[in-house]
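Q:
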Amino acid sequence: MKRHQAFKFELRPNGAQVRLLRQFAGTCRFVYNKALALQNERFERGEKRLTFGQMGLMLTQWRADKTIPWLKAGGTAQTQQQALKNLEAAFVNFFLKRADCPRFKKKGDGDSVRFPQHFKIDHQNGRVWLVKLGWMRYRNSQSIVGTVKSVTVSLRAGKWFASILAEREVEIPLPESRSAVGIDLGVTTFAALSTGQTIAPLNSYKKHQDALAKAQRRMDRKVLNSRNWRKEKARVSKLNARIANVRRDFLNKASTAISKKHAMVCVEDLKVKNMTRSASGTVDAPGKSIRQKSSLNRVILDQGWCTFRRMLEYKVFWNGGIFIAVPPKYTSQTCPACGHVAAINRSKQQFACVECSYHNHADVVGAMNVLRAGHAQLACRVNGAAIPSATGTHRSDLAISWPGAVEVAESRWMSRGRYSS
Ligand SMILES: [Zn+2]
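Residues 1 to 421 (UniProt numbering) make up the sequence shown, in order.
(1) Could you compute how far the alpha carbon of Val148 sits from the alpha carbon of Ala352?
(2) Quick check on the DSSP output: what are the complete alpha helix (DSSP H) runs of length 4 or more inside the UniProt domain "Probable transposase IS891/IS1136/IS1341" (164 to 278), in order along the chain?
(3) What residue range does the alpha helix (DSSP H) around Glu44 cover?
(4) From Lys206, Met58, Ala373, pick the residue whose C-alpha is nearest to that of Thr334; which is it?
(5) Going by DSSP, name the residue or residues bridged to Tyr138.
(6) Could you give the residue range of the alpha helix (DSSP H) that holds residue 422?
(7) What residue range is occupied by the uninterrupted alpha helix (DSSP H) comprising residue 437?
(8) Am I right that Ile164 and Ile183 are in contact with their C-beta atoms under 8 Å? What's the rounded C-beta distance?
(9) Using the C-alpha atoms, what's the distance from Asp65 back to Arg309?
(10) Would you tell me roughly how many angstroms separate the C-alpha atoms of Arg156 and Lys315, rounded to the nearest one?
(11) Just checking Cys101 against ligand 1 - is the residue's beta carbon closer than 8 Å to any of the ligand's heavy atoms?
(12) Let me make sure I understand the geometry here. Which of Phe91, Asn252, Lys107 has the alpha-carbon closest to that of Asp100?
(13) Throw me the rounded Cβ distance for the Ala192 and Val364 pair, which I believe falls under 8 Å.
(14) Roughly how many angstroms lie between the CA atoms of Gly134 and Val181, to the nearest whole one?
(15) For ligand 1, any of its heavy atoms closer than 8 Å to the Cβ of Tyr358?
(16) For Gly339, verify whether its CB is less than 8 Å away from any heavy atom of ligand 1.
(17) Which of the three DSSP states, helix, strand or coil, is assigned to Lys308?
(18) Short of 7 Å in beta carbon distance, which residues of its chain neighbour Lys222, apart from the five on each side in sequence? Order them along the chain.
(19) Taking the beta strand (DSSP E) that Arg114 belongs to, which residues open and close that run?
(20) On a Cα-Cα basis, can you pick out the residue from Ser112, Gln39, Lys159, Leu71 that is closest to Asn14?
(21) Go to Arg63, then tell me how far its alpha helix (DSSP H) extends in each direction, as first and last residue.
(22) Starting from Ala73, trace the alpha helix (DSSP H) both ways and give me its first and last residue.
(23) Between Cys28 and ligand 1, is the CB less than 8 Å from at least one heavy atom?
(24) Can Cys353 be considered in contact with ligand 1, in the sense that its beta carbon sits closer than 8 Å to one or more heavy atoms?
(25) With DSSP collapsed to three states, give me the class of Asn319.
(26) Can we say the stretch 26 to 43 touches the stretch 69 to 88, given the rule of at least three CB pairs closer than 8 Å?
(27) Nearest by alpha-carbon distance to Gly53: which of Gln81, Gly26, Ile68 is it?
(28) Just the Cα atoms here: how many angstroms apart are Pro110 and Lys8?
(29) Mind reading off the beta-carbon distance from Pro116 to Ser154? Whole number of angstroms is fine, and I expect it under 8 Å.
(30) Measuring straight from C-alpha to C-alpha, what distance separates Val341 and Tyr330?
(31) Under a Cβ-count criterion, where at least 16 other Cβ atoms within 10 Å of its own Cβ denotes burial, should residue 427 be classed as buried or exposed?
(32) Beta-carbon of Leu59 versus every beta-carbon of chain C: anything under 9 Å?
(33) Looking only at its chain, what residues have a beta carbon closer than 6 Å to the beta carbon of Lys120, apart from the 5 residues adjacent to it on each side?
(34) For Ser179 and His262, which I take to be in contact (beta-carbon distance under 8 Å), what is that distance rounded to the nearest angstrom?
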């Protein structure tokens, strides 16, 4: 099994290199947006989307265009091709319903450049060489394992980072434990396990909300784009970065602990993407109770369920375990003792069966039902004998492994006559 792992380091570019990095990122954003605009126009006209290869030919023309000379000067063909690759991935994720439709990138939102070649890494001396940029020092905070495939440089809260992607061959390990666990993700308890354990939410956003709101207000009082405004803006993005760090740390620790302890992990397929999508609804179907929903949305985003699930999935996979997502049907209403299904079985945090008087923490009951559904799904899969358990246990993997899945999903969207969902 090939394992890809990214190693992230803080870069120390000099002034000239920072200017060049901004240029590189700017041209990538330009290519991404121009290609997206072109695809959207084609869609409006009912034409087929250009393939990645065709977009590459367009890029060659753009780079030769005398009216935009800075495109060729400000980056390499390889880095700009990577922007097209990112757009292609965004479309695929959208067609497979894993993400919203691709949006235009604004300056400063996720500025990054990927170098698929023309780089050298001198890890001993903590420096990386990139084409046109030369040698750059980085904070050598960890070792790199495997063959380096690409280097992605990105800007976050005023600092540049290099994410070095390495590939190595690993044996699929045998899981250390043989136990299975079901997980119920919730708002009041972040996660409840079928073993009875619960994990309290971190709510990193809420904790720092006051400080953030204050900084935001200070920023709003300053003259737009003035020196003081920029100072406050840097403070706001620093706070945001700190919140994100605390949250990622929490999610990493929680997911590592679970994936180490259990060989099979089942979670509810909550479609977090749908829940957090616009609470205000679409033009055709305006949302109801917008205020309540958007505050719930913020809690969900704050809790980082999506990230948690993703972390769990790959960590379980790395440990040789099985990850199963089950549809959330009656998981909160079914009695684990007698199987009776009733909405009145659950009241807030308590579960009490009206048939057999079994009672427990409501979220733990949810987790037990998730585990049972996971076992059932696994049994079906083993009987079908179609997929060996280690090759991908999540539905989205199944979708990709089926040739033509993306095309079918895309034509389904095309026939609807609009991209927006
Ligand atoms: Zn019961």
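Glycine included, each C-beta is placed from N, C-alpha and C at the ideal position. Just so you know, these numbers come straight off a predicted model, no measurement behind them.
A: In brief:
(1) 55 Å
(2) The alpha helix (DSSP H) runs of length 4 or more contained entirely in the UniProt domain "Probable transposase IS891/IS1136/IS1341" (164 to 278) are, from start to end of the chain, 204 to 221, 227 to 261, 272 to 276.
(3) 15 to 44
(4) The candidate whose alpha carbon is nearest that of Thr334 is Ala373.
(5) Leu11
(6) The question about residue 422 has no answer here: the residues shown for the chain are numbered 1 through 421.
(7) No statement about residue 437 is possible, as the shown extent of the chain runs from 1 to 421 and does not include it.
(8) Contact flag wrong, Cβ pair sits at about 32 Å.
(9) 45 Å
(10) 25 Å
(11) no
(12) Phe91
(13) About 5 Å; that satisfies the 8 Å criterion.
(14) 50 Å
(15) yes
(16) Yes, ligand 1 has a heavy atom inside 8 Å of this Cβ.
(17) For the sequence presented, residue 308 should be read as Phe rather than Lys. Residue state, collapsed to three classes: helix.
(18) Asn228, Trp229, Glu232
(19) 112 to 115
(20) The candidate whose alpha carbon is nearest that of Asn14 is Lys159.
(21) 52 to 64
(22) In the DSSP assignment, Ala73 falls within the alpha helix (DSSP H) that extends over 69 to 73.
(23) no
(24) yes
(25) In this structure, Asn319 counts as coil in the three-state DSSP scheme.
(26) yes
(27) Ranking Gln81, Gly26, Ile68 by Cα distance to Gly53 puts Gln81 first.
(28) Reading the sequence as shown, one finds Gly at residue 110 and not Pro. The alpha-carbon atoms of Gly110 and Lys8 are separated by roughly 16 Å.
(29) Not confirmed; about 15 Å, so no contact.
(30) Distance from the CA atom of Val341 to the CA atom of Tyr330, rounded to whole angstroms, is 7 Å.
(31) One cannot answer for residue 427 here, as it falls past the ends of the chain, which runs 1 to 421.
(32) Absent from the structure is chain C; it holds one protein chain and no more.
(33) Trp129
(34) In this structure, Ser179 and His262 form a Cβ contact; the two beta carbons are roughly 5 Å apart against a cut-off of 8 Å.
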